[in-house]
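Everything in the sequence shown is counted per our numbering, starting at 125 for the first residue and increasing by one.
Report on the structure given below.
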Amino acid sequence: MGVREDGRPTLASWPRRIYDWPELPARFGPALDSWRMRGLPPEHVTYIPKLHQHVSGMEYLTAWLGEEVLLLCDDGEGHLERTLIRRGEVTELTYGVRLLACSAAVALRQDHVQKQVDFRYNKTKEDVLLPVLNLLLGNPPDFRPRQAHPPTEALERLREDSFAMYHMAKLCYRFGEEIRDSLWLRGRSYGAALRRRQKPEYFLAKMDRGVVGLRMDFYGVEAVYLAWDRLAGTEMRRAGPRGRATLVLEAEYGADFAVPLLPEQQERAEAFAVRLSER
């Protein structure tokens, strides 16, 4: 049986900023009533349609007012989940890009209870979601991170070693203006003849506000943001079935960021862990 062609236009799944209240899908309206009474402007609201390539995808609505973010998730079966996120409640944020598919996983600590919410969207119109991403990272809604690296020796070396990671490392500037210290770890490459997927490469950055960990492979990148007061510690462990040395950023709440090490990388990773603990 042939595969049915999806004839809907690509932009059907793009995030859309709301400019006038009649544009708001009706099912989301009641959940915004209290914020509208507080003066919520429609342009602070973004509707994220289901990615039509995914049968079981979700629809989302984001809104922001002052320093608060509201996330609404519609599972398509009549259930609407509402999450209000206040300043200081985000304990970890994981931002991912796989081709044009973006995701944000937000670890929260609310009333002594740990939870996680996430949303996914098409990267093509990510600009309409930047105020929300900024607030979740503790930045002003109109924050604009730097778009170019300064010409430091470490970053010039990274550009020569891995231009792709050099480019992706600009994601670190969402957490500060300067990469104060860093560690780049090359992934293991098995060669095309062995038909095995190349292992990810990693980049850890010590920033003004915390630590950023990047995990990158051929298809995309994942960035984990941990503020200093949410970083429980940094340690070396033995992990996996082979007991490989692993550098672990321990999150106070949320998931740890683990970096498996090749034998020749262990010494540099241990030295970076010491420098990181000194802040």
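All C-beta atoms, glycine included, are put in the ideal place defined by N, C-alpha and C.
Please read all numbers here as calculations on a predicted model, not as lab measurements.
- In this structure, DSSP gives Gln238 an extended state, which the three-state scheme calls strand.
- Per the DSSP secondary-structure output, Cys226 pairs in a beta bridge with Val221 and Tyr245.
- Between Ala393 and Met360, the C-beta spacing is below 9 Å.
- A distance below 6 Å between beta-carbons, with the five flanking residues on each side excluded, links Leu164 to the following residues of its chain, in chain order: Leu189.
- Judged by DSSP in its simplified three-state form, Tyr343 adopts coil rather than helix or strand.
- Counting along the chain, the unbroken beta strand (DSSP E) around Asp198 starts and ends at Glu192 to Asp198.
- Glu376 and Ala356 do touch by the CB rule: their CB atoms are close to 5 Å apart, below 8 Å.
- Contact between the stretch 275-286 and the stretch 295-313 is established, with three or more Cβ pairs separated by less than 8 Å.
- In chain order, Val169, Thr170, Ile172, Val193, Leu194, Leu195, Leu196, Phe243, Leu253 and Val256 place their CB closer than 8 Å to the CB of Thr186, counting only its own chain and leaving out the 5 sequence neighbours on each side.
- Short of 8 Å from the beta carbon of Gln238, and not among the five residues preceding or following it, lie these beta carbons of its own chain, in chain order: Thr215, Ala231, Leu232, Tyr377 and Gly378.
- No residue range can be given for Pro165, since it is assigned to no alpha helix (DSSP H) and is classified by DSSP as neither H nor E.
- DSSP places Ala288 outside any beta strand (DSSP E); the residue lies instead in the alpha helix (DSSP H), whose first and last residues are Phe287 to Met292.
- Distance between Ala229 and Asp251, taken at the CA atoms: about 18 Å.
- At the C-beta level, Tyr349 and Val336 come within 9 Å of one another.
- Arg399: member of the alpha helix (DSSP H) spanning Gln390 to Glu402, first to last residue.
- In the three-state reduction of the DSSP assignment, Ala379 falls in the coil class, being assigned neither a helical nor a strand state.
- A distance below 8 Å between beta-carbons, with the five flanking residues on each side excluded, links Glu191 to the following residues of its chain, in chain order: Arg210, Arg211 and Leu259.
- Excluding five sequence positions before and after Gly220, the CB atoms of its chain that fall closer than 6 Å to its own CB belong to Ser227 and Glu346, given in chain order.
- Phe396 and Asn246 have their C-alpha atoms some 35 Å from each other.
- Around the C-beta of Thr276, fewer than 16 other C-beta atoms lie within 10 Å, and the residue is accordingly described as exposed.
- One Cα belongs to Glu391, the other to Gly344, and the distance between them is close to 27 Å.
- Burial state of Pro149 is exposed, judged by a 10 Å Cβ sphere holding fewer than 16 other Cβ atoms.
- At a Cβ-Cβ threshold of 9 Å, Glu302 and Met331 count as neighbours.
- The residues Thr215, Glu216, Gly334, Ala375, Glu376, Tyr377 and Gly378, in chain order, have a CB closer than 8 Å to that of Arg354 in the same chain once the five nearest residues on each side in sequence are set aside.
- When Pro265, Asn263, Asp199 and His291 are compared, the shortest CA-CA separation from Ala272 is found for His291.
- For the pair Ser401 and Pro166, the Cα-to-Cα distance works out to about 44 Å.
- Under the criterion of beta carbons closer than 8 Å, Leu204 and Arg151 qualify as touching, at roughly 7 Å.
- Residue pairing by DSSP places Asp305 opposite Lys330 in a beta bridge.
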